[in-house]
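Asks: Sequence order for the protein chains is A and B. Remember, the numbering used here sits 2 above the position in the first sequence when you count from 1. Remember, the numbering used here sits 2 above the position in the second sequence when you count from 1. Positions of the beta carbon are idealized from the N, C-alpha and C atoms, including for glycine. Note that the coordinates shown come from a computational prediction; the quantities given were computed from them, not determined experimentally.
There are 2 protein chains.
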Amino acid sequence: MEDKQYTIKDIAKLCGVSAGTVDRVMHGRSGVSQKSKEKVEAILKEIDYKPNVFAIGLAAKKHYNMTCLFPEFSENDYWSSVYEGIKRAKEELSQYNISINCIHFNYEDIDSFTSAGKQLIEQKPDGAMIVPTTLYTTLQLAEELKNADIPFTIIDVAVKDAGELTYIGQDSFRSGYIAAKTLLRTSSNTEMVMFLSDNRNGSLEIQMSSRREGFMEYIRKECSNIVVHEVKITPETLHEKLDKLFAEHPNVKLGVSFNSRIYRVAKYLEEKGIAFERLIGYDLLPQNIEYLKRGVVNMLIGQRPALQSYRAIKALADFTVFKKQPEKIQYMPIDLLTADNIEYYIEI
Amino acid sequence: MEDKQYTIKDIAKLCGVSAGTVDRVMHGRSGVSQKSKEKVEAILKEIDYKPNVFAIGLAAKKHYNMTCLFPEFSENDYWSSVYEGIKRAKEELSQYNISINCIHFNYEDIDSFTSAGKQLIEQKPDGAMIVPTTLYTTLQLAEELKNADIPFTIIDVAVKDAGELTYIGQDSFRSGYIAAKTLLRTSSNTEMVMFLSDNRNGSLEIQMSSRREGFMEYIRKECSNIVVHEVKITPETLHEKLDKLFAEHPNVKLGVSFNSRIYRVAKYLEEKGIAFERLIGYDLLPQNIEYLKRGVVNMLIGQRPALQSYRAIKALADFTVFKKQPEKIQYMPIDLLTADNIEYYIEI
DNA sequence: AGTACTTTCGTGTTCGATAACGAATCTTTT
DNA sequence: AAAAGATTCGTTATCGAACACGAAAGTACT
Numbered sequence: 003m004e005d006k007q008y009t010i011k012d013i014a015k016l017c018g019v020s021a022g023t024v025d026r027v028m029h030g031r032s033g034v035s036q037k038s039k040e041k042v043e044a045i046l047k048e049i050d051y052k053p054n055v056f057a058i059g060l061a062a063k064k065h066y067n068m069t070c071l072f073p074e075f076s077e078n079d080y081w082s083s084v085y086e087g088i089k090r091a092k093e094e095l096s097q098y099n100i101s102i103n104c105i106h107f108n109y110e111d112i113d114s115f116t117s118a119g120k121q122l123i124e125q126k127p128d129g130a131m132i133v134p135t136t137l138y139t140t141l142q143l144a145e146e147l148k149n150a151d152i153p154f155t156i157i158d159v160a161v162k163d164a165g166e167l168t169y170i171g172q173d174s175f176r177s178g179y180i181a182a183k184t185l186l187r188t189s190s191n192t193e194m195v196m197f198l199s200d201n202r203n204g205s206l207e208i209q210m211s212s213r214r215e216g217f218m219e220y221i222r223k224e225c226s227n228i229v230v231h232e233v234k235i236t237p238e239t240l241h242e243k244l245d246k247l248f249a250e251h252p253n254v255k256l257g258v259s260f261n262s263r264i265y266r267v268a269k270y271l272e273e274k275g276i277a278f279e280r281l282i283g284y285d286l287l288p289q290n291i292e293y294l295k296r297g298v299v300n301m302l303i304g305q306r307p308a309l310q311s312y313r314a315i316k317a318l319a320d321f322t323v324f325k326k327q328p329e330k331i332q333y334m335p336i337d338l339l340t341a342d343n344i345e346y347y348i349e350i
Numbered sequence: 003m004e005d006k007q008y009t010i011k012d013i014a015k016l017c018g019v020s021a022g023t024v025d026r027v028m029h030g031r032s033g034v035s036q037k038s039k040e041k042v043e044a045i046l047k048e049i050d051y052k053p054n055v056f057a058i059g060l061a062a063k064k065h066y067n068m069t070c071l072f073p074e075f076s077e078n079d080y081w082s083s084v085y086e087g088i089k090r091a092k093e094e095l096s097q098y099n100i101s102i103n104c105i106h107f108n109y110e111d112i113d114s115f116t117s118a119g120k121q122l123i124e125q126k127p128d129g130a131m132i133v134p135t136t137l138y139t140t141l142q143l144a145e146e147l148k149n150a151d152i153p154f155t156i157i158d159v160a161v162k163d164a165g166e167l168t169y170i171g172q173d174s175f176r177s178g179y180i181a182a183k184t185l186l187r188t189s190s191n192t193e194m195v196m197f198l199s200d201n202r203n204g205s206l207e208i209q210m211s212s213r214r215e216g217f218m219e220y221i222r223k224e225c226s227n228i229v230v231h232e233v234k235i236t237p238e239t240l241h242e243k244l245d246k247l248f249a250e251h252p253n254v255k256l257g258v259s260f261n262s263r264i265y266r267v268a269k270y271l272e273e274k275g276i277a278f279e280r281l282i283g284y285d286l287l288p289q290n291i292e293y294l295k296r297g298v299v300n301m302l303i304g305q306r307p308a309l310q311s312y313r314a315i316k317a318l319a320d321f322t323v324f325k326k327q328p329e330k331i332q333y334m335p336i337d338l339l340t341a342d343n344i345e346y347y348i349e350i
């Protein structure tokens with residue numbers, strides 16, 4: 003039961019060597035004979051040795067530094083929530099000699115991501131949290147991080163095999179599937195519209211497309227007869243494109259957006275007096291919540307951005323400071339918010 | 003900016019005394035002259051001294067022990083979720099020389115709570131997590147804990163002014179209000195039924211009654227014309243009481259239960275072929291979820307039992323080991339689960 | 001002034017992991 | 001076989017807080 007807390011000296015005694023040698027073995031440092039090494043490793047495997055974190059922390063007079071790479075933000079947008087989580091982690095970790103700083107990039111401009119990435123590498127932090135953009139540039143940065151031996155966590159958008167310490171975010175495919183289910187399950191409509199963002203450089207593509215794939219999967223499986231109109235919009239082209247859409251298809255009453263800017267569509271619909279049967283979007287921006295409460299938007303899918311960044315930094319700290327291996331993937335819940343429960347929603 | 007991490011020696015130097023004296027002042031130990039004390043206190047106030055947690059942890063060779071007092075449980079009931087949270091905290095905190103053990107009591111039997119409380123006090127733990135029963139007995143135990151100088155957190159049910167370190171749980175009144183809103187808002191029915199538990203000793207009363215108060219508050223404000231039938235049931239009397247209810251009021255189509263055993267009512271309704279317009283209950287027991295998916299229950303209100311106990315123990319550890327003052331109240335979100343989103347719900 | 005006693009406070013050791021230092025042992029070279 | 005060099009590994013100081021120990025300073029009383 004009471005598995006004794008072994009110290010390094012206990013182990014040394016068990017092995018018939020000194021504490022220094024045990025330490026060398028544990029850290030893979032050189033200067034240990036094969037024989038000693040094997041003996042120590044055998045004992046280490048046998049007992050479940052958990053080093054005293056306090057002693058480690060005290061001995062390592064080191065000051066750790068984590069850097070967060072994520073899009074520049076303004077008040078109340080999605081990325082400001084991410085920043086909230088960072089602030090919380092910062093406060094909590096300052097006592098462990100961990101400081102956190104941020105580098106921002108412009109989500110619309112891949113070059114800014116690349117140069118922000120360079121800046122990140124130059125800082126040589128002890129850990130990094132990054133929000134991906136396109137697959138290629140993200141993998142490129144990931145490669146550089148690995149070369150520089152900087153552990154990193156990815157949040158928000160899953161990137162396959164980037165060598166990250168952990169991914170923290172939603173299962174985008176699944177959330178798209180749920181969006182479709184909620185939108186289409188009990189509706190008799192035969193057409194719907196997908197509001198897509200019209201990015202020149204396609205930087206958001208990974209996440210948006212896997213949400214869309216999940217969405218289409220449901221359609222393929224459950225209601226393959228539905229007609230999907232895709233409209234690519236930017237803030238500038240929104241009016242024109244939607245005017246055209248409703249001129250051509252006046253009966254569309256179902257809509258979904260895979261980005262966080264459903265409020266722009268909602269604004270248009272409200273202004274034009276167009277009532278949708280159902281309209282679903284992502285993320286709990288205050289503007290989105292406003293339209294949800296007013297009934298223009300029917301459902302918002304939340305993905306806990308603040309929790310994501312908080313967890314990401316905690317995972318980095320666990321790994322670098324406390325030598326714990328975090329879970330490879332930490333999926334966030336897929337929160338479904340409606341006018342009913344939005345008031346009582348708390349992101350923890 | 004870079005506010006230097008002061009050590010006790012830095013402070014000693016600043017004050018012109020030794021580290022020992024500074025330590026004595028900080029811990030309020032005796033043996034310090036008024037003059038020295040004032041000087042040290044002045045400096046301490048001036049700089050924002052945060053002692054090194056690692057050094058504290060290392061120096062304190064103490065082994066901490068927390069005790070959790072909560073109802074005995076069987077597989078898949080509400081309290082088993084509470085236990086899950088405890089297990090998680092246990093794992094996480096074992097490295098800090100914190101061990102956790104549990105004492106259970108029978109929720110139906112107040113005497114067992116009292117004797118479990120005595121046992122708890124005898125153990126003299128460094129912290130305790132308790133689930134209240136009746137107001138009187140809970141306050142009694144709280145008093146004893148205070149006398150024994152054992153910090154404690156209360157979960158699940160708020161108890162006013164018990165002297166707890168922190169309360170972690172839902173705002174029951176509010177959740178009752180939401181239940182009413184969801185049940186009654188868009189319904190044209192004029193009568194409904196409240197399924198109440200028929201406890202001899204009334205041990206659950208605090209929570210259930212504040213949920214009910216919140217529920218009635220909504221009725222008073224928004225639909226005072228509705229007729230509420232109250233039925234007090236136990237597993238034994240359920241059939242008889244409900245038979246009687248539906249004989250007298252065949253048109254009841256709305257129902258709410260404030261405890262976690264809505265599945266018993268659902269089972270009855272399904273067997274009798276009675277279809278409710280809406281049926282709302284509490285807690286995500288597997289049985290409840292089953293009836294939610296089948297459409298017999300329309301909504302379940304989740305209160306994150308595992309997160310509650312996890313947080314409660316973490317708060318105790320923060321306080322006793324890391325000398326941090328936790329928030330006095332930590333409200334849990336009021337999760338609203340329906341057939342739509344139950345599948346994607348994750349309790350974090 | 002000297003003894004007895006209390007108050008005040010500095011010093012030294014402890015906690016466990018870490019890594020620099022240098023001693024001891026083993027290997028290679030001339 | 002001796003010297004030089006390389007490998008292996010034990011010893012020790014360090015990190016910052018805590019607290020016991022006992023030294024120094026202060027007070028009281030004969």
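When the cut-off is 8 Å and only beta carbons count, does A/Val-133 lie next to chain B?
Replies: No, its Cβ sits nowhere closer than 8 Å to a Cβ of chain B.
Asks: For A/Gly-119, tell me which candidate among A/Ala-130, A/Asn-103, A/Thr-136 and A/Leu-143 has the shortest Cα-Cα distance.
Replies: With distances taken between Cα atoms, A/Gly-119 lies closest to A/Leu-143.
Asks: Within 10 angstroms of its Cβ, does B/Leu-285 collect 16 or more other Cβ (buried), or is it exposed?
Replies: Residue identity check: residue 285 of chain B is Asp in the sequence provided, not Leu. Counting Cβ neighbours within 10 Å, B/Asp-285 comes out buried, since at least 16 surround it.
Asks: Closer than 9 Å between beta carbons: that is the criterion. Which residues of the region 42–73 of chain A meet it against chain B?
Replies: Residues passing the 9 Å Cβ filter: Lys-52, Pro-53, Asn-54, Val-55, Phe-56, Ala-57, Ile-58, Gly-59, Leu-60, Ala-61, Ala-62 and His-65.
Asks: Counting only beta-carbon separations shorter than 8 Å, does B/Gln-209 have a partner in chain A?
Replies: B/Gln-209 does not count as touching chain A.
Asks: Which whole-angstrom value describes the C-beta separation of A/Phe-72 and A/Val-133, a residue pair presumed to lie in contact below a C-beta threshold of 8 Å?
Replies: Going by Cβ atoms, the distance from A/Phe-72 to A/Val-133 rounds to 4 Å, so yes, they are a contact pair.
Asks: Would you verify that the beta carbon of A/Gln-97 is, or is not, closer than 8 Å to some beta carbon of chain B?
Replies: A/Gln-97 counts as touching chain B.
Asks: Shorter than 8 Å from the beta carbon of A/Tyr-346 to some beta carbon of chain B?
Replies: With 8 Å as the cut-off, A/Tyr-346 counts as an interface residue toward chain B.
Asks: Is it a yes or a no for the region 124–139 of chain B touching the region 314–330 of chain B, going by three-plus beta-carbon pairs under 8 Å?
Replies: Yes: the two stretches touch, three or more of their Cβ pairs being nearer than 8 Å.
Asks: What is the C-beta distance between A/Phe-107 and A/Glu-74, in whole angstroms, given that I count them as a contact (C-beta under 8 Å)?
Replies: Confirmed, Cβ separation roughly 7 Å.
Asks: Does DSSP put A/Glu-193 in a helix, a strand or coil?
Replies: Strand, per DSSP.
Asks: Checking 8 Å against the spacing of the C-beta atoms, do A/Pro-307 and A/Asp-320 come in under that value?
Replies: Contact: no.
Asks: From the DSSP output, which residues share a beta bridge with A/Ser-101?
Replies: DSSP output for A/Ser-101 lists A/Asn-67 as bridge partner(s).
Asks: Beta-carbon of A/Asp-12 versus every beta-carbon of chain B: anything under 8 Å?
Replies: For A/Asp-12, the answer is no, since every Cβ of chain B falls outside 8 Å of its Cβ.
Asks: With 8 Å as the threshold, decide whether the Cβ of A/Leu-338 is near any Cβ in chain B.
Replies: A/Leu-338 counts as touching chain B.
Asks: Specify the secondary structure class of B/Met-3 as computed by DSSP and reduced to three states.
Replies: Its pLDDT being 39, under 50, B/Met-3 is placed unreliably by the model, and nothing is read from it.
Asks: Does the structure place the region 29–49 of chain B close enough to the region 73–88 of chain B that three or more beta carbon pairs sit under 8 Å?
Replies: No, because fewer than three Cβ pairs between the region 73–88 of chain B and the region 29–49 of chain B fall closer than 8 Å, the two stretches do not touch.
Asks: Give the interface partners of B/Thr-1 over in chain A, defined as CB-CB distance under 7 Å, in chain order.
Replies: Residue 1 of chain B is absent from the model: chain B starts at 3 and stops at 350.
Asks: Roughly how many whole angstroms lie between the Cα atoms of A/Ser-262 and A/Val-233?
Replies: Going from the Cα of A/Ser-262 to the Cα of A/Val-233 covers about 16 Å.
Asks: Helix, strand or coil: which one does DSSP assign to A/Val-19?
Replies: Of the three classes helix, strand and coil, the one that applies to A/Val-19 here is coil, per DSSP.
Asks: Taking a contact to mean a Cβ-Cβ separation below 8 Å, would you say B/Ile-112 touches B/Thr-135 in this structure?
Replies: Yes.
Asks: If you follow the alpha helix (DSSP H) that A/Val-55 is in, where does it begin and where does it stop?
Replies: Run containing A/Val-55: 55–61, per the alpha helix (DSSP H) assignment.
Asks: Heavy atom of the ligand ZN less than 7 Å from the Cβ of A/Val-299, yes or no?
Replies: As for the ligand ZN, it is missing from this structure, which has no ligand bound.
Asks: Counting Cβ pairs closer than 8 Å, one from the region 218–237 of chain B and one from the region 186–205 of chain B, do we hit at least three?
Replies: Counting Cβ pairs under 8 Å, three or more are found: they touch.
Asks: Is the CB of B/Met-3 under 8 Å away from at least one CB in chain A?
Replies: Bear in mind that a pLDDT of 39 at B/Met-3, under 50, signals an unreliable position, so the number given afterwards is only what the model happens to contain. Output row for B/Met-3: interface = no.
Asks: For the region 141–191 of chain B, list the beta strand (DSSP E) runs that are entirely contained and at least 3 residues long, ordered along the chain.
Replies: Segments of the beta strand (DSSP E) lying fully in the region 141–191 of chain B: 154–157 and 168–171.
Asks: Going by DSSP, what residue range makes up the beta strand (DSSP E) through A/Val-233?
Replies: It spans 229–235 - the beta strand (DSSP E) in which A/Val-233 sits, taken as one unbroken run.
Asks: Could you check the C-alpha separation between B/Thr-9 and A/Phe-324 for me, to the nearest Å?
Replies: Those two C-alpha atoms are separated by around 22 Å.
Asks: Count the other CB atoms within 10 Å of the CB of A/Asp-337; is the residue buried (16 or more) or exposed (fewer)?
Replies: The residue is buried, with at least 16 neighbouring Cβ atoms inside 10 Å.
Asks: Are the Cβ atoms of B/Gln-209 and B/Tyr-333 separated by less than 8 Å?
Replies: In this structure, B/Tyr-333 does not lie closer than 8 Å to B/Gln-209 by Cβ.
Asks: Quick one: list the residues of chain B neighbouring A/Ile-180, beta-carbon separation under 7 Å, in chain order.
Replies: Simply Tyr-346.
Asks: Answer yes or no: does any C-beta atom of chain A fall closer than 8 Å to that of B/Pro-127?
Replies: No, its Cβ sits nowhere closer than 8 Å to a Cβ of chain A.
Asks: Please tell me whether A/Pro-307 has its Cβ less than 8 Å away from any Cβ of chain B.
Replies: Answer no: the Cβ-Cβ gap between A/Pro-307 and chain B never drops below 8 Å.
Asks: Using a Cβ cut-off of 8 Å (strictly closer), state whether A/Pro-335 contacts chain B.
Replies: Closer than 8 Å: yes.
Asks: Quick check: the region 262–275 of chain A against the region 286–306 of chain A, are there 3 or more CB pairs under 8 Å?
Replies: The region 262–275 of chain A is in contact with the region 286–306 of chain A.
Asks: With burial defined as no fewer than 16 other Cβ atoms inside 10 Å of the residue's Cβ, what is the status of A/Ile-88: buried or exposed?
Replies: Buried is the call here.
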